[in-house]
Amino acid sequence: MNRSNLAAMMAILLIGISAVGQESPNPLPKGTVGFFRVNAQALVASPVLAQYLQIFGASDKQVADEFLKRLPVEPSSAISLTGILWQPQPRREPFAVLLADFKDPVDLAKVARALGTRAPVKTPAGELTIGGGVAILARSPKGLVMGNPEMVQAFASAPPLQNPGWKSAWDSSADGIASAWLTTDLRALPAEVEGGIKRTAWMYLQPLQGSITAGISFSMDKRLAVARATVVYGNEGAAKASVENWKLTTELIRGFFKGGEGIVTLAPLAASVLDSSAVRELFGTSNIEGAELLRSPMVTAAFAYLAGYLSEQAEFLAKLPFEANGNSVSVSVKVSPAAMQSGVGVSAVLAGLMLPAVQSTREAARRMQSVNNLKQIGIALVSYHDTYGDFPPAVVRDKDGKPLYSWRVLILPYLEQENIFSKWKRDEPWDSPSNKPLSDLVLKVYSASGSPDENTNRTPYRVFMGKGSGFEENKARPGKGLRFADFTDGLSNTIAVVEASESVPWAKPDELEFVAGKPLPALGLPGRDGFNALYFDGSVRSIRKAVNPQTLQALITRNGGEVVPFDP
């Protein structure tokens, strides 16, 4: 490892410990669904870290020492780093905050200067500095909290979690090097996550019935690393009753590993499912990138390597000692330094094999996020039509015909953005002094993951305006959009919204010009070979950038009477 790489590695580790966190007897807020905790001093003193640094060649002490001198907080003062995943609202998307505690008082002004955030200001919850979309709150002289500004302030006022199971998990996390805990109550998770777990992994999770949380922790016993998995139940009876179920489930997993072939067939099996007509219909596209990814030689090689390794470990599973202690069940495994090195080697080989697959998977996930955004927009457009009897106009104009703002403002109430819409001045332009602070807000549903303008107020989701398009200006009914009856080609055959190459502020009345027979503006996000299109029936399909121009124009018109292929 060269000097620059080592410095970067130390920066990630030590700035993470020294720039965030807060110490509390139990800081878990109501709505906690998971947390991790790293005991910094135990980690630094542990042979575990020494093994990894040795394996990856971290040997330049002079570089590390020089780097440590520049940190805004003395690293040796760090006690622990904690990350908390919590839901301010039940079953909604969780948020994360990071906490850390120190032996000595922390100078927040010094931290702010080092990180480039604003000078700290006093708030009821403590000193606060904000910058770059991140807030750092000093809730005590020796403790800080870092995260999204809104979430940090919400966390500071959140009521504590009153649950004996989670208290037990937090208390146990104080021992050892590191631990991570996650809720086992599926009802606490978003509905789509709960459904996914029940469909794919429920048969392996039967022993978790009656439990509250599960976690894994790491500690040292002399020179042996100890990994301990624990499940906390609602009562002692449920814990004892689960032991036999855990043994049976372990035997089931052991057989799966021992066969080896089962692991190898997972990739092609998943590919065939993704590429099935049912899944294509479900996701509204016939271009599911994950199917081709799972068929790739690289992924096949990675699964084959993993199968061989797990087959060697199958006998190990048969000897796992499950222990019931009060309302919890745990199993501990001791790992020798040699086994640790072997594990790192396996991880390194798999990481090398899977790197291209991970990159492709990340891109596929970004495309799927954009599909989900468009589906939400589609539902909002149909809901708007159900309410007013027509679709929204592409551009809202004043009495003199001057453009004020976009159709994207009108559907805000149907995207769970009623708070923004209620404050919007309907007779003023999008960038007026009253509306500009609102239009500057970043709305996730209008932001395409992986695009250059992600995390800004700009959006690539735009509509076509022009004669024959679905957002043609309604001269017969000024200020109104078109109705279902105006789409004689069919709602499922007419494009409503596309991913444009050029993004615009989401509230700005700036859409795509459509003139039949003339070249269309560039479509699709940079670096992608296609673009997603939302149709007026609410479906989303992927279209190749190399699509025949006449075919694309036919899909844009609502009343041209053309016959177009299903998969353009």
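Heads up: the sequence shown begins at 109 in the working numbering, then just goes up one per residue. Just so it is clear, CB atoms sit at the ideal spot from N, CA and C, and this is done for glycine as well.
Check your understanding: Shortest alpha-carbon distance to residue 269 belongs to which of 283, 221, 210, 196?
Key -> Residue 269 sits at position 161 when you count from the first residue of the sequence shown. Of the candidates 283, 221, 210, 196, the one whose C-alpha sits nearest the C-alpha of residue 269 is 196.
Exercise for review: Pick out whichever of 597, 150, 432, 646 has its Cα sitting closest to the Cα of residue 665.
Suggested key: Within the sequence shown, residue 665 is the residue found at index 557, counting from 1. It is 597 whose Cα lies nearest to the Cα of residue 665.
Check your understanding: Residue ranges of each beta strand (DSSP E) run of no fewer than 3 residues wholly in the segment 263 to 290, ordered along the chain?
Key -> none
Check your understanding: Taking the runs of the alpha helix (DSSP H) that are 4 residues or longer, which of them lie wholly in the segment 600 to 636?
Key -> none
Check your understanding: If you drop the 5 nearest sequence neighbours on each side, which residues of the same chain put their C-beta closer than 8 angstroms to that of residue 576?
Key -> As a first step, residue 576 must be located in the sequence shown, where it is residue number 468. 622, 624, 664, 665, 666, 667, 668.
Point to revise | DSSP bridge partner residues for residue 529 (one or two, in chain order) | key: Start at 1 with the first residue of the sequence shown, and residue 529 comes out as number 421. Per DSSP, none; premise fails for residue 529.
Review point. From what residue to what residue does the alpha helix (DSSP H) around residue 591 run?
Key: Indexing the sequence shown from 1 puts residue 591 at position 483. Note, residue 591: premise wrong, no alpha helix (DSSP H); not H, not E.
Practice item. Report the residue from 257, 247, 249 whose alpha carbon sits nearest the alpha carbon of residue 238. Key: For the purposes of this step, residue 238 is taken as the residue at position 130 of the sequence shown. If we check each option's Cα against that of residue 238, 257 comes out closest.
Check your understanding: If you drop the 5 nearest sequence neighbours on each side, which residues of the same chain put their C-beta closer than 7 angstroms to that of residue 521?
Key -> For the purposes of this step, residue 521 is taken as residue 413 along the sequence shown, with counting starting at 1. Only 529 meet the Cβ criterion.
**Study point:** Strand pairing of residue 208, partner residues [DSSP]
**Key:** Your numbering for residue 208 matches position 100 in the sequence shown. Paired residue(s): 189, 252.
Check your understanding: Roughly how many whole angstroms lie between the Cα atoms of residue 569 and residue 556?
Key -> In the sequence shown, the residue the question calls residue 569 occupies position 461. In the sequence shown, the residue the question calls residue 556 occupies position 448. So the two alpha carbons sit approximately 8 angstroms from each other.
Practice item. May I ask you to verify whether the segment 431 to 445 touches the segment 558 to 572, counting CB pairs closer than 8 angstroms and requiring at least 3? Key: no
Practice item. Mind checking which residues open and close the alpha helix (DSSP H) that includes residue 518? Key: Here residue 518 is taken as the residue at index 410 of the sequence shown, counted from 1. Residues 515 to 518.
Check your understanding: Taking only beta-carbon atoms, is residue 292 less than 8 angstroms away from chain C?
Key -> No chain C appears in this structure, which consists of one protein chain only.
**Study point:** DSSP beta-bridge partners of residue 259
**Key:** By 1-based counting over the sequence shown, the position of residue 259 is 151. DSSP lists no partner for residue 259.
Review point. Can you round the beta-carbon distance between residue 503 and residue 514 to whole angstroms, since I take them to be within the 8 angstroms contact cut?
Key: Translated into the one-based positions of the sequence shown, residue 503 becomes position 395. Translated into the one-based positions of the sequence shown, residue 514 becomes position 406. 7 angstroms between Cβ atoms; contact.
Review point. Helix, strand or coil for residue 194 per DSSP?
Key: Walking along the sequence shown from the start, residue 194 turns up at place 86. Three-state result, residue 194: strand.
Practice item. Just grab the DSSP bridge partners of residue 236 for me. Key: Residue mapping note: residue 236 aligns to position 128 of the sequence shown, counting from 1. Bridge partners of residue 236: 229, 245.
Exercise for review: Tell whether a beta-carbon distance below 8 angstroms holds between residue 430 and residue 351.
Suggested key: As a first step, residue 430 must be located in the sequence shown, where it is residue number 322. As a first step, residue 351 must be located in the sequence shown, where it is residue number 243. Result yes, Cβ atoms of residue 430 and residue 351 sit closer than 8 angstroms.
Practice item. With DSSP as the reference, please indicate the residues paired to residue 322 in a beta bridge. Key: Here the question's residue 322 lines up with position 214 in the sequence shown. DSSP lists 290, 339 as partners of residue 322.
Check your understanding: For the beta strand (DSSP E) that residue 553 lies in, which residues bound it at each end?
Key -> As a working note, residue 553 is residue 445 in the sequence shown. No beta strand (DSSP E) holds residue 553; DSSP gives it neither H nor E.
Review point. In angstroms, rounded to a whole number, what distance separates the CA positions of residue 167 and residue 326?
Key: The residue given as residue 167 occupies position 59 in the sequence shown. The residue given as residue 326 occupies position 218 in the sequence shown. Model confidence at residue 167 stands at a pLDDT of 42, short of 50, so the residue's coordinates are unreliable; what they give is reported in the following sentence. The alpha-carbon atoms of residue 167 and residue 326 are separated by roughly 25 angstroms.
Check your understanding: Counting Cβ pairs, one atom from each stretch, are 3 or more of them under 8 angstroms apart for the segment 596 to 611 and the segment 640 to 654?
Key -> yes
Exercise for review: Kindly give me the distance between the Cβ atoms of residue 634 and residue 538, rounded to whole angstroms, as I take these residues to be in contact under 8 angstroms.
Suggested key: Along the sequence shown, read from residue 1 onward, the residue named residue 634 stands at position 526. Along the sequence shown, read from residue 1 onward, the residue named residue 538 stands at position 430. About 25 angstroms separates the two Cβ atoms, so there is no contact after all.
Check your understanding: According to the Cβ coordinates, are residue 652 and residue 558 closer than 8 angstroms?
Key -> Start at 1 with the first residue of the sequence shown, and residue 652 comes out as number 544. Start at 1 with the first residue of the sequence shown, and residue 558 comes out as number 450. The answer is no: Cβ separation not under 8 angstroms.
Practice item. State the Cα-Cα distance for the pair residue 236 and residue 224, rounded to the nearest angstrom. Key: Taking the first residue of the sequence shown as position 1, residue 236 is located at position 128. Taking the first residue of the sequence shown as position 1, residue 224 is located at position 116. Residue 236 and residue 224: Cα-Cα distance of roughly 14 angstroms.
Check your understanding: What first and last residue would you give for the beta strand (DSSP E) that runs through residue 220?
Key -> Within the sequence shown, numbered from 1, the residue matching residue 220 stands at position 112. Not the beta strand (DSSP E): residue 220 falls in the alpha helix (DSSP H), residues 216 to 223.
Review point. What did DSSP end up calling residue 564 once you bin it into helix, strand or coil?
Key: Taking the sequence shown and counting its residues from 1, one reaches residue 564 at position 456. In this structure, residue 564 counts as coil in the three-state DSSP scheme.
Exercise for review: Measure from the alpha carbon of residue 317 to the alpha carbon of each residue in 279, 329, 339, then state which is nearest.
Suggested key: Position 209 of the sequence shown, counting from 1, holds the residue named residue 317. Residue 339 is the option with its Cα nearest to residue 317.
Point to revise | In DSSP terms, what residue 147 is bridged to | key: Position 39 of the sequence shown, counted from the start, is the residue given in the question as residue 147. According to DSSP, residue 147 bridges with 188.
Review point. Where does the unbroken beta strand (DSSP E) through residue 650 begin, and where does it stop?
Key: Position 542 of the sequence shown holds residue 650. That run of the beta strand (DSSP E) goes 648 to 652.
Practice item. Pull up the distance between the alpha-carbon of residue 580 and that of residue 594, whole angstroms please. Key: Numbered from its first residue, the sequence shown carries residue 580 at position 472. Numbered from its first residue, the sequence shown carries residue 594 at position 486. Each residue's Cα considered, the two are about 11 angstroms apart.
Practice item. Can you tell me which of the three DSSP states residue 666 falls into? Key: Position 558 of the sequence shown, counted from the start, is the residue given in the question as residue 666. The answer is coil: DSSP assigns residue 666 none of H, G, I, E or B.
Review point. Rounded C-beta distance between residue 139 and residue 194? I'm assuming under 8 angstroms.
Key: Mapped onto the sequence shown, residue 139 falls at position 31. Mapped onto the sequence shown, residue 194 falls at position 86. Correct: roughly 5 angstroms between the Cβ atoms.
Check your understanding: Is the Cβ-Cβ distance between residue 660 and residue 620 less than 8 angstroms?
Key -> The count along the sequence shown starts at 1 and reaches residue 660 at position 552. The count along the sequence shown starts at 1 and reaches residue 620 at position 512. No.
Practice item. Please state if the CB of residue 208 and the CB of residue 136 are separated by a distance shorter than 8 angstroms. Key: Taking the first residue of the sequence shown as 1, we reach residue 136 at position 28. Taking the first residue of the sequence shown as 1, we reach residue 208 at position 100. No, the Cβ-Cβ distance between residue 136 and residue 208 is not below 8 angstroms.
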